[in-house]
Amino acid sequence: MKLYTNLFSPNARKVHAVASELGIELETQTLDLRAGEQRTAEYLALNPNGKVPTLVDGDTVLWESNAIMCYLAGKGDTELWPKSAKRYDILRWMFWESNHLTEALNRLFGQRFFNRDNPDQGIIDRATKDFRKYAEVLDANLARNANVTGDTLTLADFAIGVCFGYIQPLELPVEGLDNIHRWWGAFSTTESGKILLPG
10 MKLYTNLFSP NARKVHAVAS ELGIELETQT LDLRAGEQRT AEYLALNPNG
60 KVPTLVDGDT VLWESNAIMC YLAGKGDTEL WPKSAKRYDI LRWMFWESNH
110 LTEALNRLFG QRFFNRDNPD QGIIDRATKD FRKYAEVLDA NLARNANVTG
160 DTLTLADFAI GVCFGYIQPL ELPVEGLDNI HRWWGAFSTT ESGKILLPG
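Terminal number for the sequence shown in the numbering used here: 208, no gaps in between.
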């Protein structure tokens, strides 16, 4: 299996972290995003979005990090992606991450990283408010569970966890969210969890 990647991308780091947790060794090709290697005709034939990551496994070509994570975990029998109805709860949180939490995070990412010389404070304020709203949903859930979907780590923890690696650089509003701090503090110190951290 070959992964086209760049560890600057949070989505790529999610896939690397899951592969590490599963003990799957991937052939990797790091794309130079600043040089535009993700926009070459060859790469766009694999991923028309021109983003990373992309996984190639024989005739199977997958983009979208959450789909790739499911594919890797589906190669075996693992609690990360159990062969039971629990998968639907895991998917619920993975969809929630991509549609709500990460949407707000990406707006902050754009202003704090890419537009930092002239940030739009209105965008920052709205994104901060949205991120906090969704973080409170997660915090309430973690009051009842050790991890996102229960006692054990699942793909949902990896999908959501990568967002919280940015607490400091993006000034994420997580003050007083003790359940998130407890969960993320424990998860981010595991070998696989460390891969989710930027840097």
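Each residue gets a CB set at the ideal place from its N, CA and C atoms; glycine is no exception.
In this text, all values refer to a predicted model and were calculated from it rather than measured experimentally.
Alpha helix (DSSP H) segment containing Tyr97, residue limits: Against the sequence shown, residue 97 aligns to sequence position 88. Segment 95-105, the alpha helix (DSSP H) holding Tyr97.
Hey, could you find the ends of the alpha helix (DSSP H) Asp139 is sitting in? Counting from 1 along the sequence shown, the entry for residue 139 is found at position 130. Per DSSP, Asp139 belongs to the alpha helix (DSSP H) from 130-151.
In three-state DSSP terms, what is Val256? The displayed coordinates of the chain run from 10 to 208. Any statement about residue 256 would go beyond what the structure contains.
According to DSSP, simplified to helix, strand and coil, what is Glu36? Position 27 of the sequence shown, counted from the first residue, corresponds to residue 36. Of the three classes helix, strand and coil, the one that applies to Glu36 here is strand, per DSSP.
Under a Cβ-count criterion, where at least 16 other Cβ atoms within 10 Å of its own Cβ denotes burial, should Phe173 be classed as buried or exposed? The residue given as residue 173 occupies position 164 in the sequence shown. Label assigned to Phe173: buried.
So, at 7 Å on beta carbons, what are the nonlocal neighbours of Asp166 in its own chain, with the 5 sequence-adjacent residues on each side left out? As a first step, residue 166 must be located in the sequence shown, where it is residue number 157. Once the five neighbours on either side are set aside, the close Cβ partners of Asp166 are Asn156, Val157, Phe196.
Contact under 8 Å by Cβ, Leu16 with Leu35: On the sequence shown, position 7 is the one that residue 16 refers to. On the sequence shown, position 26 is the one that residue 35 refers to. No Cβ-Cβ contact shorter than 8 Å links Leu16 with Leu35.
Which class does Lys11 belong to by DSSP, given the choice of helix, strand or coil? Translated into the one-based positions of the sequence shown, residue 11 becomes position 2. Assignment of Lys11 by DSSP, reduced to helix, strand and coil, places it in the strand class.
Would you grab the beta carbon distance between Val24 and Pro62 for me? Rounded to a whole angstrom, and I think it's under 8 Å. Translated into the one-based positions of the sequence shown, residue 24 becomes position 15. Translated into the one-based positions of the sequence shown, residue 62 becomes position 53. The Cβ separation is near 5 Å, so the contact holds.
Nearest to Val146 by CA position, among Asn20, Gln47, His109, is which residue? Taking the first residue of the sequence shown as 1, we reach residue 146 at position 137. Here the closest residue by C-alpha is His109.
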